[in-house]
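In order, the protein sequence lines correspond to chains E and F.
For the first sequence, the positions run 11 to 117 when our numbering is used.
For the second sequence, the positions run 82 to 315 when our numbering is used.
By construction, the Cβ of each residue, glycine as well, lies at the ideal position given by its N, Cα and C atoms.
What follows is one structure encoded as structure tokens, with my remarks underneath.
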Amino acid sequence: MSNNILIVIVVTSLATYLSRFLGVVSAEKIKETSKIFRWFNCLAYSTLAALIARIVIFPSGTLSEVDYLIRFIVVILSIAIFFLTKKNLVYPTLFSAMILSILNIYL
Amino acid sequence: MIDSKYFFEGFKSIKGVGSPAIALGASFVAIGALLKNLGFSIQESVFSTFLTYALPGSLVMAESMLIGASLINIFLAVWLVNARLYPMTVALMPLLIHENQPRWKYYLSCHFIAVSSWLIMKDNYENIEKENRIDFWIGIGTATWTVAIFSTVVGYVISDFLNKDILVGLAIVNPIYFICMMIGAMKTIQISLSVVLGTILGPVFYFLSPEWCILFGGFIAGTIAFLIGEKNVK
């Protein structure tokens with residue numbers, strides 16, 4: 011292994027573990043029935059929602075080459091499949107890849 | 082040390098109708114291929130998923146390396162994009178902490194906190210006695226982490242066969258899984274509002290700052306949802 015890549019991997023993992031570690035330190039003093047717990051619960055869900063919306067609406071990698079309209083259609087159809095299959099998560103994930111590939115080739 | 086009954090119950094979360102395996106697999110196959118193209122060896126790619134196991138962080142690492150960023154800049158960029166793990170940990174661990182359980186379990190298993198494992202645990206914790214939740218959680222974490230590492234290897238090995246069309250298909254799978262999981266989690270006013278407002282404010286704040294939009298948007302959305310929710314509960 012080259013030194014440079016190894017160091018980058020370790021730096022990346024430390025930067026990631028830091029937030030998890032501090033989270034446990036804080037959690038030790040927080041009761042699950044407290045207001046602050048409910049606040050953090052909201053923050054966690056809203057931050058996740060913001061992250062996912064960002065990935066879909068302003069993607070950085072390969073997804074950015076797919077038209078907005080196609081991404082939008084795929085998301086709507088996948089959510090529809092999710093509800094039609096009584097909240098099965100396997101079908102919408104599988105179908106999303108297929109629908110996206112098909113639309114991307116033919117539209 | 083770890084109660085195997087609850088560990089395996091958690092481990093089984095990668096099977097069945099709620100399985101994250103396909104979504105996780107798809108995105109880490111893509112990561113494996115990406116790391117190979119960046120010049121990583123297979124050992125380094127495995128090591129990366131093994132140690133970091135949080136997708137956006139690995140992506141930022143890859144992007145930063147491409148532009149030749151310094152170590153400090155890589156650290157800051159990764160920390161920023163993975164800072165969401167802090168509220169996620171604070172919103173999870175109080176549900177798992179029990180006086181009969183040793184502390185090291187919490188500090189070690191927080192490494193497993195990533196979007197998929199977190200959402201699965203949030204969806205299931207109520208079915209498990211509090212004392213056993215940490216072992217159940219370690220099971221979920223080990224299972225999802227194993228899928229991620231295995232998929233990184235697969236992606237690395239088959240990267241030559243992955244064309245643009247396949248990579249595009251792989252890229253949408255994980256966001257779709259997260260969206261469906263989040264919709265499934267919208268059971269209270271606070272969570273529903275958090276999800277809806279976060280979805281709106283995250284992209285809105287993107288116009289102000291692409292780097293900070295997730296944290297700013299998430300913070301404001303979550304705080305508004307909390308305040309409105311608290312008022313309605315009373």
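Quick one: is residue i buried, meaning 16 or more other Cβ sit within 10 Å of its Cβ, or exposed?
{"i": "Gly120/F", "result": "exposed"}
{"i": "Asn313/F", "result": "exposed"}
{"i": "Ser232/F", "result": "buried"}
{"i": "Thr130/F", "result": "buried"}
{"i": "Ile112/F", "result": "buried"}
{"i": "Gly236/F", "result": "buried"}
{"i": "Ile178/F", "result": "buried"}
{"i": "Thr133/F", "result": "buried"}
{"i": "Ser108/F", "result": "buried"}
{"i": "Gly97/F", "result": "exposed"}
{"i": "Thr22/E", "result": "buried"}
{"i": "Arg184/F", "result": "exposed"}
{"i": "Phe193/F", "result": "buried"}
{"i": "Lys117/F", "result": "buried"}
From this set, the options, which residue's C-alpha is nearest residue i's C-alpha?
{"i": "Phe255/F", "options": "Leu113/E, Asn114/E, Ala25/E, Leu73/E", "result": "According to the sequence as given, residue 255/F is Asn; it is not Phe. Ranking Leu113/E, Asn114/E, Ala25/E, Leu73/E by Cα distance to Asn255/F puts Leu73/E first."}
{"i": "Leu251/F", "options": "Asn98/E, Thr103/E, Ile115/E, Leu113/E", "result": "Thr103/E"}
{"i": "Lys93/F", "options": "Val234/F, Met146/F, Val228/F, Val235/F", "result": "Val228/F"}
{"i": "Leu161/F", "options": "Cys294/F, Ile309/F, Glu311/F", "result": "Cys294/F"}
{"i": "Ser54/F", "options": "Phe50/E, Leu32/E, Thr43/E, Val84/E", "result": "Because chain F here runs from 82 to 315, residue 54/F falls outside it and cannot be looked at."}
{"i": "Met267/F", "options": "Ile153/F, Ile253/F, Gly310/F", "result": "Gly310/F"}
{"i": "Ala90/E", "options": "Ser111/E, Ile80/E, Phe105/E", "result": "Phe105/E"}
{"i": "Glu75/E", "options": "Lys97/E, Ser36/E, Ile17/E, Leu113/E", "result": "Leu113/E"}
{"i": "Arg64/E", "options": "Thr280/F, Gly303/F, Ile305/F, Phe300/F", "result": "Thr280/F"}
{"i": "Gly33/E", "options": "Ile153/F, Pro168/F, Glu144/F, Met146/F", "result": "Pro168/F"}
{"i": "Ser111/E", "options": "Thr269/F, Ala302/F, Val249/F, Gln271/F", "result": "Val249/F"}
{"i": "Thr26/E", "options": "Ser290/F, Cys191/F, Asp241/F, Thr223/F", "result": "Cys191/F"}
Near residue i, what residues of its chain come up, given a Cβ to Cβ distance below 7 Å and the 5 sequence neighbours on each side ignored?
{"i": "Ala135/F", "result": "Asn163, Leu166, Ala195"}
{"i": "Val159/F", "result": "Gly138, Val141, Met142"}
{"i": "Asn213/F", "result": "Asp84, Tyr87"}
{"i": "Tyr101/E", "result": "Ile91, Thr95"}
{"i": "Pro101/F", "result": "Ile95, Ser197, Ile201, Thr225, Tyr258"}
Can you list the residues of chain E that residue i reaches, using a CB-CB cut of under 7 Å?
{"i": "Asn163/F", "result": "Ala25, Thr26, Ser29"}
{"i": "Tyr258/F", "result": "Leu99, Thr103"}
{"i": "Tyr237/F", "result": "What Tyr237/F touches in chain E: nothing, since even the nearest Cβ is about 14 Å away."}
Measuring only the C-alpha atoms, how far is residue i from residue j?
{"i": "Tyr55/E", "j": "Leu200/F", "result": "9 Å"}
{"i": "Tyr206/F", "j": "Leu176/F", "result": "8 Å"}
{"i": "Leu24/E", "j": "Phe156/F", "result": "8 Å"}
{"i": "Phe92/E", "j": "Phe307/F", "result": "27 Å"}
{"i": "Ser70/E", "j": "Val234/F", "result": "23 Å"}
{"i": "Val171/F", "j": "Gly220/F", "result": "20 Å"}
Could you work out which residues of chain E lie near residue i, taking near to mean beta carbons separated by less than 8 Å?
{"i": "Ala107/F", "result": "Thr103, Ala107"}
{"i": "Gly188/F", "result": "This sequence places Tyr at residue 188/F; Gly is not what is there. Neighbours of Tyr188/F on chain E, chain order: Phe31, Val34."}
{"i": "Ala104/F", "result": "Leu99, Thr103"}
What does residue i touch in chain E if you count any residue whose Cβ is under 9 Å from its own?
{"i": "Gly138/F", "result": "Thr22, Ser23, Ala25, Thr26"}
{"i": "Trp226/F", "result": "Ordered by position in chain E, no residue passes the 9 Å Cβ test against Trp226/F, which lies about 13 Å from the chain."}
Whose Cβ in chain F lies nearer than 7 Å to the Cβ of residue i?
{"i": "Phe50/E", "result": "Pro168, Val171, Ala172"}
{"i": "Ile40/E", "result": "Val171, Pro175"}
{"i": "Leu110/E", "result": "Val249, Gly250, Ile253"}
Can you list, in chain order, the residues of its chain whose CB lies under 6 Å from that of residue i, leaving out five sequence neighbours each side?
{"i": "Leu243/F", "result": "Ala114"}
{"i": "Thr304/F", "result": "none"}
{"i": "Ser145/F", "result": "Ile155, Ala158"}
{"i": "Gly298/F", "result": "Leu282, Gly283, Phe286"}
Could you work out which residues of chain F lie near residue i, taking near to mean beta carbons separated by less than 8 Å?
{"i": "Leu59/E", "result": "The sequence shown places Ala at residue 59/E, rather than the Leu named in the question. Near Ala59/E (Cβ distances below 8 Å), the residues of chain F are Met263, Ser275, Val276, Val277, Leu278, Gly279, Thr280, Gly283, Gly299, Ala302."}
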